[in-house]
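Residue numbers (my numbering), protein chains in the order written: chain A, 1 to 202; chain B, 1001 to 1202. Virtual Cβ for every residue (Gly too), placed ideally from N, Cα, C.
Number of protein chains: 2
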Amino acid sequence: MSGRGQIFVLSGPPGAGKSSVAARVRRDLPELAYSVSLSTRQPRPGEQDGVDYYFVSRPEFERRIEAGEIAEHVEIFGNLYGTSQKVLDRALDQGQDLFLDTDVNGAEALRQRFADGVFIFLLPPSRRVLEERLRGRNTEDEAQVRDRLERVRYELSKAEHYTHLVVNDDLDRAVAEVEAIIVASRRRTERHRKLLAEFQAS
Amino acid sequence: MSGRGQIFVLSGPPGAGKSSVAARVRRDLPELAYSVSLSTRQPRPGEQDGVDYYFVSRPEFERRIEAGEIAEHVEIFGNLYGTSQKVLDRALDQGQDLFLDTDVNGAEALRQRFADGVFIFLLPPSRRVLEERLRGRNTEDEAQVRDRLERVRYELSKAEHYTHLVVNDDLDRAVAEVEAIIVASRRRTERHRKLLAEFQAS
């Protein structure tokens, strides 16, 4: 691997299983750097600061936006989520590939900065399964479920801007497909100009 | 999978291990259609007509070129090799993906007809290993080895036109990477417009 690293972005509507897929990909491909996102929301049970998110206060998050330290950020249900510009630049400059999961707005911001990035949209098996998954969480009331379904509609409307679509009807297969997309992208000829030149010269 | 199929082309200089990789990919991904090439050369020990190649006479091959039945053909060391146009069209129209292995000239002809195809170039681990492999075959005299090395130089000069490069320093890994490239390409968004439209409409 030579030259600058590449970014891989995974998005998907709530209920598509993005977190499960992302966790497996990170475990299977430990050489991928990933940027832990910042968030102002409250940690859920089991979530760890610095692992799931950097949990920061809203004033601190806003200070970083002002200081230009945030590459992309979005507000969802009153909470801010974002990615540190410094973390991205440092990894890519070292030739590391980066794996990020963001919502569609975060992905859009990243796409404008990284036109050669790989953007993967995770789809649930069907709309019906998605609704069942959202209701099955039992952590939200009906109004919140409706808000989430509205969010699903919005995220789906952005799916066509992604380079790849993966259907999560089977977690193992979805993970394997996301990993195949990453492996394949690393074999793209433009990433190996140097290797090729060496061969041709020898 | 919807719409027209896609072609995947594997090339590589003599000694890169293209035949071994192609055989494994065909075994692992049986849903890939593949077009057995036509050849006018003599079968090697163990090669079967209709499996390794369709072995045809030179007059018959030339008749098919004249009739426009050959999508791409090349002459190597006095033998003609080619791909049947009819076989390609039939499979692609049925939505089947096609896996072909051709030399660099065959790939060039296919690239002009299938701009959205995936073209994978297989590299040996090093130039030195390649020379050892070519000499190790013991089926050719020194002049033939020199001819083959000349061929290697020519094929390498075309590698940058391929979409992907895979280094065959480990057969299992090379096979896995070629398969990842195929799987990843099938997840490209433009192949799933219909699926997406269904989701967005629901």
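Within chain A, A184, R187, R188, T189 have C-beta atoms less than 8 Å from the C-beta of H1164 of chain B, given in sequence order. Relative to E72 of chain A, the option among A:R63, A:S37, A:D97 whose CA is nearest is A:S37.
Listed in chain order, the alpha helix (DSSP H) runs fully inside the stretch 1118-1199 of chain B are 1127-1136, 1142-1156, 1171-1186, counting runs of at least 4 residues. Following the DSSP letters along the chain, one finds A1091 of chain B inside the alpha helix (DSSP H) bounded by residues 1085-1093. The continuous alpha helix (DSSP H) containing V25 of chain A extends over residues 18-28. For F1061 of chain B, the enclosing alpha helix (DSSP H) stretches over residues 1058-1066.
Measuring C-alpha to C-alpha distances from G95 of chain A to each of A:A201, A:G46, A:L32 identifies A:L32 as the nearest. Of all C-beta pairs linking the stretch 1191-1199 of chain B to the stretch 184-192 of chain A, fewer than three are shorter than 8 Å, placing the two stretches out of contact. Residues of chain B with a Cβ closer than 7 Å to the Cβ of F199 of chain A are, in chain order, L1123, R1127, L1156. The C-beta of L1196 of chain B comes closer than 8 Å to at least one C-beta of chain A. Residue range 1007-1011 is occupied by the beta strand (DSSP E) that includes L1010 of chain B. Straight across, the Cα-Cα distance linking A1022 of chain B with H1161 of chain B is about 20 Å.
Contact between L1029 of chain B and L1122 of chain B does not hold, since their C-beta atoms are separated by about 16 Å, which reaches or exceeds 8 Å. Rounded to whole angstroms, the gap between the alpha carbons of S1157 of chain B and G5 of chain A is 26 Å. Sequence-distant Cβ neighbours of G68 of chain A in its own chain, meaning closer than 8 Å and more than five residues away, are Q85. Boundaries of the alpha helix (DSSP H) around E108 of chain A: 104-113. Following the DSSP letters along the chain, one finds E72 of chain A inside the beta strand (DSSP E) bounded by residues 70-76.
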